Amino acid sequence: MTLLDALTPNMPIPYGGNQVAYVSDELANAFKSGDRLVVLQDTGELLHIPASVWSVASGAVGRAAGAFSAMGSTTDEQVTTFYNEFAARLTDDTSFVGIRAANEKDVAAARACGKSTTRLVLSDTMRSDMIAGLDGWAKTPSVSGSVVEKVDHDGWSVHLVQAGLGAVGFVFEGRPNVFADATGVLRAGNTVVFRIGSDALGTARAIVEHALDPAIEAAGLPEGAVSLVDSPARSAGWAMFSNSQLSLAVARGSGAAVAQLGSVARQAGIPVSLHGTGGAWIVVGPDADPDRLRRVVQHSLDRKVCNTLNTVCVVNERTDLVPAVLDGLESAAKALGTNPKLHVTDAARPYVPGAWFTTLLPINRAEGDVVEPKADPIADDRLGHEWEWEQSPEMTLAVVENIDEAIALFNAQSPRFAACLVDPDIGRQERFFAAIDSPFVGDGFTRWVDGQYALNRPELGLSNWQFGRLFARGGVLSGDSVFTVRTRATQTDPELHR
Numbered sequence: 042m043t044l045l046d047a048l049t050p051n052m053p054i055p056y057g058g059n060q061v062a063y064v065s066d067e068l069a070n071a072f073k074s075g076d077r078l079v080v081l082q083d084t085g086e087l088l089h090i091p092a093s094v095w096s097v098a099s100g101a102v103g104r105a106a107g108a109f110s111a112m113g114s115t116t117d118e119q120v121t122t123f124y125n126e127f128a129a130r131l132t133d134d135t136s137f138v139g140i141r142a143a144n145e146k147d148v149a150a151a152r153a154c155g156k157s158t159t160r161l162v163l164s165d166t167m168r169s170d171m172i173a174g175l176d177g178w179a180k181t182p183s184v185s186g187s188v189v190e191k192v193d194h195d196g197w198s199v200h201l202v203q204a205g206l207g208a209v210g211f212v213f214e215g216r217p218n219v220f221a222d223a224t225g226v227l228r229a230g231n232t233v234v235f236r237i238g239s240d241a242l243g244t245a246r247a248i249v250e251h252a253l254d255p256a257i258e259a260a261g262l263p264e265g266a267v268s269l270v271d272s273p274a275r276s277a278g279w280a281m282f283s284n285s286q287l288s289l290a291v292a293r294g295s296g297a298a299v300a301q302l303g304s305v306a307r308q309a310g311i312p313v314s315l316h317g318t319g320g321a322w323i324v325v326g327p328d329a330d331p332d333r334l335r336r337v338v339q340h341s342l343d344r345k346v347c348n349t350l351n352t353v354c355v356v357n358e359r360t361d362l363v364p365a366v367l368d369g370l371e372s373a374a375k376a377l378g379t380n381p382k383l384h385v386t387d388a389a390r391p392y393v394p395g396a397w398f399t400t401l402l403p404i405n406r407a408e409g410d411v412v413e414p415k416a417d418p419i420a421d422d423r424l425g426h427e428w429e430w431e432q433s434p435e436m437t438l439a440v441v442e443n444i445d446e447a448i449a450l451f452n453a454q455s456p457r458f459a460a461c462l463v464d465p466d467i468g469r470q471e472r473f474f475a476a477i478d479s480p481f482v483g484d485g486f487t488r489w490v491d492g493q494y495a496l497n498r499p500e501l502g503l504s505n506w507q508f509g510r511l512f513a514r515g516g517v518l519s520g521d522s523v524f525t526v527r528t529r530a531t532q533t534d535p536e537l538h539r
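For the sequence shown, the positions run 42 to 539 when this note's numbering is used.
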C-alpha cells in the first residue's frame with residue numbers, strides 16, 4: 042500500500058467517477074506526510090486533515106468505541122446515577138463557577154471577532170434546561186433489552202430485542218446545552234463522542250472537568266463513555282466522521298456545514314442524522330383571525346433558533362391581514378428592546394406602508410447595530426433564505442394566490458422543516474397537512490417544534506426533509522431513539538429441524 046505523503050499545486054484529483062478537482066497552492070503547501078485528504082465525491086471538495094488533528098479525533102472515537110464494549114455490563118442504576126451526578130454538579134454553584142467563567146471567556150472572544158453569540162451564552166435559562174434535561178433522562182426507563190416483538194412457533198420462539206447501537210458521534214455548533222443533551226444516548230446503551238464549535242470549546246472543557254468526568258467516575262461508567270474531541274480545528278469534525286468505528290454520525294449547525302459533514306460520513310459508510318437549515322413558515326389562510334395571527338407571529342419570533350418564524354405567506358384575498366403580521370413582528374421586536382427587519386416580495390410590497398422602506402433603523406447584527414432600512418425588497422426565488430438574526434427579529438413576507446401556491450413554494454424553496462397554517466377551517470388544515478412536505482406541521486406559532494417542549498424528551502436534534510424523508514423515524518432525534526434491534530431465538534423442542 043502506498044501512502045499519500047505530498048500534494049503538488051494543480052495536481053488533478055478525480056471525483057464523482059468522471060470529474061476532476063485540482064489541488065490549490067495553499068493546500069499543497071499545507072499538506073504534510075502523515076496528513077489525510079478526504080475527497081467529497083458529490084462536490085469535489087478537498088478536505089485536509091492534519092495528522093495531529095486525526096490523532097486527537099481518532100483517540101476520542103476509539104475511547105468511545107472501547108467504552109461501548111463495556112456498556113453491556115453496566116446497570117440501569119449506574120446510568121441513572123450518572124445523570125443525577127451530572128445534574129447535581131451543574132446545579133452546585135461551587136462546581137459551576139468554573140464553567141461560568143469559561144463561558145464568559147468564550148463569549149468575550151467571540152464578540153471580539155464579530156461573531157454571533159446568541160446561542161453561545163450559557164444563561165441561567167440554558168443552565169436550568171440542561172439540568173432539567175438530565176433529570177428527565179434520569180427518570181426515563183432504559184429501552185436497552187426491551188422486547189419489541191415476540192413470534193411463537195411450535196417448539197421455539199423468536200424475540201426482537203432493542204440494544205445499543207454503538208459509539209454515536211456528534212458535531213454541533215457552539216451551544217453548551219447540546220453537550221448535556223447528547224449524553225441522552227447513554228440511556229439506550231450507547232456511548233458518545235462529540236466535537237463542539239471552536240467558540241464554545243473552553244466551555245466544553247470546563248463542563249468535562251467540573252461536571253461530566255466526575256459524574257462518570259461517581260457512576261462507575263466505563264472511561265470514555267462520553268468523550269470530547271479536544272481540538273478547535275474544523276478538520277476535527279471531518280476526522281471524526283471519517284472514522285468507521287462510529288455507529289451513527291449526528292451533525293447540527295449551519296446548512297452548508299452540516300451537508301458537508303453528512304457527505305464525509307456517508308463516504309465512510311456511517312449512517313447520518315443531519316440537523317441543519319431551519320426557518321419555519323406560516324401560511325395565512327382565508328379565514329385567519331387577525332388577533333390570533335398577530336399573536337402567532339409575535340410568539341414565533343422571541344429568539345433565533347431553527348424553529349423561529351422565517352417566512353409568512355398571506356393569501357391574496359386576505360391582504361387586509363398584512364397589518365396583523367407587521368404588528369406581530371413589531372411586537373416581537375419591542376419585547377426584545379430592538380427594531381424589526383422585514384423582507385418583502387414584489388407582490389406583497391403594495392400592502393406594506395411605504396415608510397417601512399425609507400425609515401432607517403439600528404438593526405442588531407453579530408458585529409453590533411447596523412443602520413438599515415426597516416424593510417427591503419426580496420426576489421421571489423429567495424423565500425427559503427434563512428435569516429440568522431441576533432436581537433432584531435427578521436422575516437420575509439410574501440403574498441400568494443392561494444394556499445396551494447404557498448405549499449408549492451414551501452416544497453420547492455424551503456429546507457422542508459416546519460410549516461403552520463393559520464386558519465380555523467378543518468378541511469383546509471387536513472389538505473395542508475396532506476400536501477405540505479414537512480415533518481413538523483401545526484396551526485399556530487412555530488416555536489412548538491422542540492423535543493423537550495413538545496414530547497417531554499431532551500432532543501439531540503431536529504431533522505428537516507431537505508435531503509428527503511427519514512427512514513423509520515420521526516424528525517425529533519432523542520437519546521432513546523438511537524438503538525438497533527437484535528433477534529434472539531429460544532428453542533424448547535430439541536428435535537427441531539428444517
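The beta carbon of each residue, even a glycine, is placed where N, CA and C say it ideally should be. The model shown is predicted, which means the values in this text are computed figures rather than measured ones.
(request) Name the two residues that bound the continuous alpha helix (DSSP H) containing Asn70. (result) Residue 70 sits at position 29 when you count from the first residue of the sequence shown. Bounds of the alpha helix (DSSP H) holding Asn70 are 66 to 71.
(message) Rounded to the nearest angstrom, what separates Ile444 and Ile172 at their Cα positions?
(response) On the sequence shown, residue 444 is found 403 positions in, with the first residue counted as 1. On the sequence shown, residue 172 is found 131 positions in, with the first residue counted as 1. Here the C-alpha atom of Ile444 lies approximately 42 Å from the C-alpha atom of Ile172.
(request) Mark Ser285 as exposed unless 16 or more other C-beta atoms lie within 10 angstroms of its C-beta, in which case mark it buried. (result) Mapped onto the sequence shown, residue 285 falls at position 244. So Ser285 counts as exposed.
(request) Within 10 angstroms of the Cβ of Ala149, are there 16 or more other Cβ atoms? Answer buried if so, exposed if not. (result) Counting from 1 along the sequence shown, the entry for residue 149 is found at position 108. Its Cβ having fewer than 16 others within 10 Å, Ala149 is exposed.
(request) Note down, one range per segment and in chain order, each beta strand (DSSP E) of at least 3 residues found wholly within the stretch 115 to 185. (result) Positions of the beta strand (DSSP E) runs, each at least 3 residues long and wholly inside the stretch 115 to 185, cannot be given because no such run exists.
(request) Could you tell me which of Asn380, Arg457, His384, Trp397 sits nearest to Pro403, measuring between CA atoms? (result) Locating residue 403 in the sequence shown gives position 362, counting from the first residue. Ranking the options by Cα distance to Pro403, first place goes to Asn380.
(request) Please report how far the alpha carbon of Gly516 lies from the alpha carbon of Cys154, in whole angstroms. (result) Taking the first residue of the sequence shown as 1, we reach residue 516 at position 475. Taking the first residue of the sequence shown as 1, we reach residue 154 at position 113. Cα-Cα distance, rounded: 34 Å.
(message) Can you confirm whether the stretch 440 to 456 touches the stretch 334 to 346 when touching is taken to mean that 3 or more C-beta pairs between the two stretches lie within less than 8 Å?
(response) The stretch 334 to 346 makes no contact with the stretch 440 to 456: fewer than 3 CB pairs, one atom from each, lie closer than 8 Å.
(request) Following the continuous alpha helix (DSSP H) through Ile257, name the residue where it begins and the one where it ends. (result) If you number the sequence shown from 1, residue 257 lands on position 216. Counting along the chain, the alpha helix (DSSP H) containing Ile257 begins and ends at 254 to 260.
(request) Assign Phe512 to buried or exposed, taking buried as 16 or more other Cβ atoms, counted over all protein chains shown, within 10 Å of its Cβ. (result) In the sequence shown, the residue the question calls residue 512 occupies position 471. Its Cβ having fewer than 16 others within 10 Å, Phe512 is exposed.
(request) Please classify Lys375: does DSSP put it in a helix, a strand, or coil? (result) Taking the sequence shown and counting its residues from 1, the one referred to as residue 375 is at position 334. If DSSP states are grouped into helix, strand and coil, Lys375 belongs with the helices.
(request) Using the Cα positions of Glu431 and Ala298, report the straight-line distance between them to the nearest angstrom. (result) Within the sequence shown, residue 431 is the residue found at index 390, counting from 1. Within the sequence shown, residue 298 is the residue found at index 257, counting from 1. Roughly 20 Å separates the two Cα atoms.
(message) Once DSSP output is grouped into helix, strand and coil, what is the label at Phe398?
(response) Here residue 398 refers to the residue found at position 357 of the sequence shown. Residue state for Phe398 is assigned as helix, using DSSP reduced to three classes.
(request) With a floor of 3 residues, list each beta strand (DSSP E) that falls wholly inside the stretch 428 to 458, ordered by position along the chain. (result) Segments of the beta strand (DSSP E) lying fully in the stretch 428 to 458: 435 to 441.
(message) Please list the terminal residues of the continuous alpha helix (DSSP H) segment that includes Gly243.
(response) The residue given as residue 243 occupies position 202 in the sequence shown. Per DSSP, the unbroken alpha helix (DSSP H) holding Gly243 starts and ends at 242 to 248.
(request) Mind checking who Gln308 pairs with in its DSSP beta bridge? (result) Your numbering for residue 308 matches position 267 in the sequence shown. In DSSP, Gln308 forms no bridge with anything.
(message) Is the beta carbon of Gly205 closer than 9 Å to that of Gly113?
(response) Looking up residue 113 in the sequence shown gives position 72. Looking up residue 205 in the sequence shown gives position 164. Result yes, Cβ atoms of Gly113 and Gly205 sit closer than 9 Å.
(request) Name the one or two DSSP bridge partners that Tyr56 has. (result) Against the sequence shown, residue 56 aligns to sequence position 15. Answer is Gln60, bridged to Tyr56.
(message) Do Leu503 and Gly492 count as a contact pair if the criterion is CB distance below 9 Å?
(response) The sequence position of residue 492 within the sequence shown is 451, counting from 1. The sequence position of residue 503 within the sequence shown is 462, counting from 1. Result yes, Cβ atoms of Gly492 and Leu503 sit closer than 9 Å.
(request) Give the C-beta separation of Asp176 and Thr244 to the nearest angstrom, bearing in mind that I take them to be a contact with Cβ-Cβ under 8 Å. (result) Within the sequence shown, residue 176 is the residue found at index 135, counting from 1. Within the sequence shown, residue 244 is the residue found at index 203, counting from 1. A Cβ-Cβ distance of about 21 Å is found for the pair Asp176 and Thr244, leaving them out of contact under the 8 Å criterion.
(message) Assuming Glu427 and Lys382 are in contact, meaning their beta carbons sit under 8 Å apart, how far apart are those beta carbons, in whole angstroms?
(response) Residue numbering aside, residue 427 sits at position 386 when the sequence shown is read from its first letter. Residue numbering aside, residue 382 sits at position 341 when the sequence shown is read from its first letter. Contact doesn't hold; Cβ gap of about 13 Å is too wide.
(message) Just to confirm my understanding: we take Arg488, look at its own chain, exclude 5 residues before and 5 after, and list those with CB closer than 6 Å. What are they?
(response) Stepping through the sequence shown from its first residue, residue 488 is reached at position 447. Ser341, Asn348.
(request) Over the uninterrupted beta strand (DSSP E) stretch that includes Arg77, give me the two end residues. (result) Taking the first residue of the sequence shown as 1, we reach residue 77 at position 36. Per DSSP, the unbroken beta strand (DSSP E) holding Arg77 starts and ends at 77 to 80.
(request) Buried or exposed for Val353, please, with buried defined as at least 16 other CB atoms from any protein chain shown within 10 angstroms of its CB. (result) On the sequence shown, position 312 is the one that residue 353 refers to. Under this definition Val353 is a buried residue.
(message) Give me the DSSP bridge partner(s) of Ser198.
(response) Walking along the sequence shown from the start, residue 198 turns up at place 157. BP columns for Ser198 point to Asp193, Thr531.
(request) Determine the extent of the alpha helix (DSSP H) in which Ile467 is found, giving its start and end residues. (result) As a first step, residue 467 must be located in the sequence shown, where it is residue number 426. Counting along the chain, the alpha helix (DSSP H) containing Ile467 begins and ends at 467 to 476.
(message) Using a 10 Å radius around the Cβ and a threshold of 16 neighbouring Cβ atoms, would you call Asp83 buried or exposed?
(response) As a position in the sequence shown, residue 83 is number 42, starting the count at 1. Exposed.
(request) For my contact list, Gln119 and Gly261 are in at a C-beta cut-off of 8 Å; report their separation, rounded to the angstrom. (result) To locate residue 119, count along the sequence shown from 1; it is residue 78. To locate residue 261, count along the sequence shown from 1; it is residue 220. That pair is a contact at about 5 Å.
(message) Tell me the rounded alpha-carbon separation between Ser276 and Ser93.
(response) What you label residue 276 is simply residue 235 of the sequence shown in a count that begins at 1. What you label residue 93 is simply residue 52 of the sequence shown in a count that begins at 1. Near 10 Å, if we compare the C-alpha coordinates of Ser93 and Ser276.
(request) Give the DSSP bridge partners of Glu408, in chain order. (result) For the purposes of this step, residue 408 is taken as the residue at position 367 of the sequence shown. Partner(s): none; Glu408 has no beta bridge.
(request) Determine, using beta carbons only, whether Ser433 and Asn405 come nearer to each other than 9 Å. (result) For this step, residue 433 is matched to residue 392 along the sequence shown. For this step, residue 405 is matched to residue 364 along the sequence shown. Against a cut-off of 9 Å, the Cβ pair of Asn405 and Ser433 comes out as a contact.
(request) Mind the definition here: the stretch 182 to 195 touches the stretch 128 to 143 only if three or more C-beta pairs lie below 8 Å; say whether that holds. (result) With the cut-off at 8 Å, the stretch 182 to 195 and the stretch 128 to 143 do not touch.
(request) Pick out whichever of Tyr124, Ser164, Ala208, Val162 has its Cα sitting closest to the Cα of Lys180. (result) Position 139 of the sequence shown, counted from the start, is the residue given in the question as residue 180. The alpha carbon of Lys180 has as its nearest neighbour, out of Tyr124, Ser164, Ala208, Val162, the alpha carbon of Tyr124.
(message) Using the three-state DSSP reduction, which class does His538 fall into: helix, strand or coil?
(response) Indexing the sequence shown from 1 puts residue 538 at position 497. DSSP places His538 in coil when its eight states are reduced to three.
(request) Please check the pair Asp422 and Gln454, which I expect to be a contact at CB under 8 Å, by giving their CB distance rounded to whole angstroms. (result) Working through the sequence shown from its first residue, we reach residue 422 at position 381. Working through the sequence shown from its first residue, we reach residue 454 at position 413. Confirmed, Cβ separation roughly 7 Å.
(request) Return helix, strand or coil for Val226, following the three-state DSSP convention. (result) Within the sequence shown, numbered from 1, the residue matching residue 226 stands at position 185. If DSSP states are grouped into helix, strand and coil, Val226 belongs with the helices.
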